[in-house]
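**Q** Following the UniProt record's numbering, the numbering of the sequence shown begins with 1 at its first residue and continues without gaps.
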Amino acid sequence: MVDGILIGLGVLCVAYFIVIVVYAGIGTSFAFIWLFFAALLLFLVYGRWYYSRNMDRIPRWVPVSVVTTCVAGVVALAVLCVLVFLGAASSDKKNLDYVIVLGARVKEHTVSNSLKKRLDKAIEYAEENPDTILVLSGGRGPGEDVSEAEVMRQYLEYNGVRPEQLLIEDRSVSTVENIAYSKVVIEEHRNRDKKELVPLTRRTTSVPYAIAPDKPLEIGVLTSNFHIYRARLTAEKWGIENVYGISADSDPVLFIHLCVRECASIVKDRLMGNM
Numbered sequence: 001m002v003d004g005i006l007i008g009l010g011v012l013c014v015a016y017f018i019v020i021v022v023y024a025g026i027g028t029s030f031a032f033i034w035l036f037f038a039a040l041l042l043f044l045v046y047g048r049w050y051y052s053r054n055m056d057r058i059p060r061w062v063p064v065s066v067v068t069t070c071v072a073g074v075v076a077l078a079v080l081c082v083l084v085f086l087g088a089a090s091s092d093k094k095n096l097d098y099v100i101v102l103g104a105r106v107k108e109h110t111v112s113n114s115l116k117k118r119l120d121k122a123i124e125y126a127e128e129n130p131d132t133i134l135v136l137s138g139g140r141g142p143g144e145d146v147s148e149a150e151v152m153r154q155y156l157e158y159n160g161v162r163p164e165q166l167l168i169e170d171r172s173v174s175t176v177e178n179i180a181y182s183k184v185v186i187e188e189h190r191n192r193d194k195k196e197l198v199p200l201t202r203r204t205t206s207v208p209y210a211i212a213p214d215k216p217l218e219i220g221v222l223t224s225n226f227h228i229y230r231a232r233l234t235a236e237k238w239g240i241e242n243v244y245g246i247s248a249d250s251d252p253v254l255f256i257h258l259c260v261r262e263c264a265s266i267v268k269d270r271l272m273g274n275m
């Protein structure tokens, strides 16, 4: 029974790998993880068979260690996937001060399917919240002739978003840099606005008055649904206190693969102290 389940899961992993390759191409990032999962499942089947015939020669701690490690890995992956799913299900908060729109790969001045979904969501949000400033974040990566932020700006302006509603951050090449550099752009924009304010004339009345504190800054991070959880934690790590996720749709065929890949990125960023 157990062997049948493991073999069935292994077959599903191989089948999903084939779907990914046919649908998105052999160069799809992290696609070979599914072949690794399939090989691991088949190894467990072989290990059970081998242990059942050599129980007298193999110490008990060996199978216990293998099973414990596998169970711990499955539990950790499940917990991370739940967190990713919860991030993907987050609802949009209205009237934010700024929304950081995370870029994605562009090629020959055209947006990828993933980036198009993010930008279409940004257009929708900008129309519903005209006072929100969008920070377009994305530098020029390998093989790109122009920065992602510039392509994003052209797409948004072509689709009716006002230029004065857009800020550009075109140095970043990773999620961490997206957040860090966008925070700098926001701070520079706020400081510039403060300098442009006309100072109040000196009061002649003796009536006391109180100065209200500034409203807490509220910032959104707009990205693909599977990416929301990591983007929010990264923003909090970089000192953005009131941060909200704005979820754009992702490819339904690749969604499971993207979530698994995102789990690996979460672990990496956590170990590196980025979130």
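Note that the Cβ used here is the ideal one computed from N, Cα and C, for glycine as well.
Candidates Gly138, Tyr125, Glu127, Val243: which alpha carbon is nearest Leu115's?
**A** Reading the sequence shown from its first residue, position 115 is the one you call residue 115. Leu115 has its Cα closest to that of Gly138, out of Gly138, Tyr125, Glu127, Val243.
**Q** Assuming Arg118 and Ser265 form a contact by the criterion Cβ under 8 Å, report the distance between their Cβ atoms to the nearest whole angstrom.
**A** Locating residue 118 in the sequence shown gives position 118, where the first residue counts as 1. Locating residue 265 in the sequence shown gives position 265, where the first residue counts as 1. With a Cβ gap of about 17 Å, Arg118 and Ser265 do not count as contacting.
**Q** How far does the alpha helix (DSSP H) with Asn113 in it extend, from its first residue to its last?
**A** One-based indexing of the sequence shown puts residue 113 at position 113. That run of the alpha helix (DSSP H) goes 113 to 128.
**Q** Got a sec, what are the start and stop residues for the alpha helix (DSSP H) Ser29 sits in?
**A** Taking the sequence shown and counting its residues from 1, one reaches residue 29 at position 29. Segment: none, Ser29 is in no alpha helix (DSSP H) and carries neither H nor E.
**Q** Among all the DSSP beta bridges, which residues are the ones paired with Ser137?
**A** By 1-based counting over the sequence shown, the position of residue 137 is 137. In the DSSP output, where bridge partners are listed per residue, Ser137 has Leu102, Glu169.
**Q** If you drop the 5 nearest sequence neighbours on each side, which residues of the same chain put their C-beta closer than 8 Å to that of Glu157?
**A** Position 157 of the sequence shown, counted from the first residue, corresponds to residue 157. So the qualifying residues of the chain are Pro163, Leu166.
**Q** Could you give the uninterrupted runs of the beta strand (DSSP E) lying entirely in the stretch 8 to 89, keeping only those of 3 residues or more?
**A** The stretch 8 to 89 contains no whole beta strand (DSSP E) run of 3 or more residues.
**Q** Hey, is the stretch 62 to 79 in contact with the stretch 167 to 183, meaning 3+ C-beta pairs nearer than 8 Å?
**A** No contact exists between the stretch 62 to 79 and the stretch 167 to 183.
**Q** Would you identify the three-state DSSP class for Ser224, choosing helix, strand or coil?
**A** Here residue 224 refers to the residue found at position 224 when the sequence shown is read from its first residue. Correct three-state label for Ser224: strand.
**Q** Our contact map puts Cys70 next to Leu44 with C-beta atoms below 8 Å; I'd like the distance itself, whole angstroms only.
**A** Working through the sequence shown from its first residue, we reach residue 70 at position 70. Working through the sequence shown from its first residue, we reach residue 44 at position 44. Indeed they touch by this definition, with Cβ atoms about 7 Å apart.
**Q** Using three-state DSSP, classify Asn242 as helix, strand or coil.
**A** Reading the sequence shown from its first residue, position 242 is the one you call residue 242. If DSSP states are grouped into helix, strand and coil, Asn242 belongs with the strands.
**Q** Could you check what DSSP says for Glu108 in three-state terms: helix, strand or coil?
**A** In the sequence shown, counting from the first residue as 1, residue 108 sits at position 108. It is coil, neither helix nor strand.
**Q** Would a C-beta distance cut-off of 8 Å place Val260 and Gly245 closer than the cut-off?
**A** Residue numbering aside, residue 260 sits at position 260 when the sequence shown is read from its first letter. Residue numbering aside, residue 245 sits at position 245 when the sequence shown is read from its first letter. No, they are not a contact pair.
**Q** Whose CA, out of Glu218, Leu83, Arg53, Val14, lies closest to the CA of Arg230?
**A** Position 230 of the sequence shown, counting from 1, holds the residue named residue 230. That would be Leu83, whose Cα lies nearest to the Cα of Arg230.
**Q** Since Asp269 is in the alpha helix (DSSP H), which residue starts that stretch and which ends it?
**A** What you label residue 269 is simply residue 269 of the sequence shown in a count that begins at 1. Per DSSP, Asp269 belongs to the alpha helix (DSSP H) from 255 to 271.
**Q** Could you spell out the range, first to last residue, of the alpha helix (DSSP H) harbouring Arg162?
**A** The residue labelled residue 162 in the question sits at position 162 within the sequence shown. Arg162 -> no alpha helix (DSSP H), and no H or E assigned at all.
**Q** Buried or exposed, going by whether 16 or more other CB atoms sit within 10 Å of the CB of Ser65?
**A** Looking up residue 65 in the sequence shown gives position 65. Exposed, since its Cβ has fewer than 16 Cβ neighbours within 10 Å.
**Q** Please return the same chain residues whose Cβ sits closer than 8 Å to the Cβ of Gly73, not counting the five positions on each side in sequence.
**A** Numbered from its first residue, the sequence shown carries residue 73 at position 73. Result list for Gly73: empty, nothing under 8 Å.
**Q** Rounding to the nearest angstrom, what Cα-Cα distance links Val14 and His257 in this structure?
**A** Here residue 14 refers to the residue found at position 14 when the sequence shown is read from its first residue. Here residue 257 refers to the residue found at position 257 when the sequence shown is read from its first residue. If I take the Cα positions, the gap works out to 13 Å.
**Q** Taking only three categories from DSSP, how would you classify Glu144?
**A** To locate residue 144, count along the sequence shown from 1; it is residue 144. Three-state result, Glu144: coil.
**Q** By the three-class DSSP mapping on this structure, what secondary structure does Ser91 have?
**A** Residue numbering aside, residue 91 sits at position 91 when the sequence shown is read from its first letter. It is coil, neither helix nor strand.
**Q** Between the C-alpha atoms of Leu136 and Ile18, what's the straight-line distance to the nearest angstrom?
**A** For the purposes of this step, residue 136 is identified with residue 136 of the sequence shown, where counting begins at 1. For the purposes of this step, residue 18 is identified with residue 18 of the sequence shown, where counting begins at 1. Whole-angstrom Cα-Cα distance: 35 Å.
**Q** Tell me which same chain residues have a C-beta within less than 7 Å of the C-beta of Phe37, skipping the five on either side of it?
**A** In the sequence shown, the residue the question calls residue 37 occupies position 37. The residues are Cys13.
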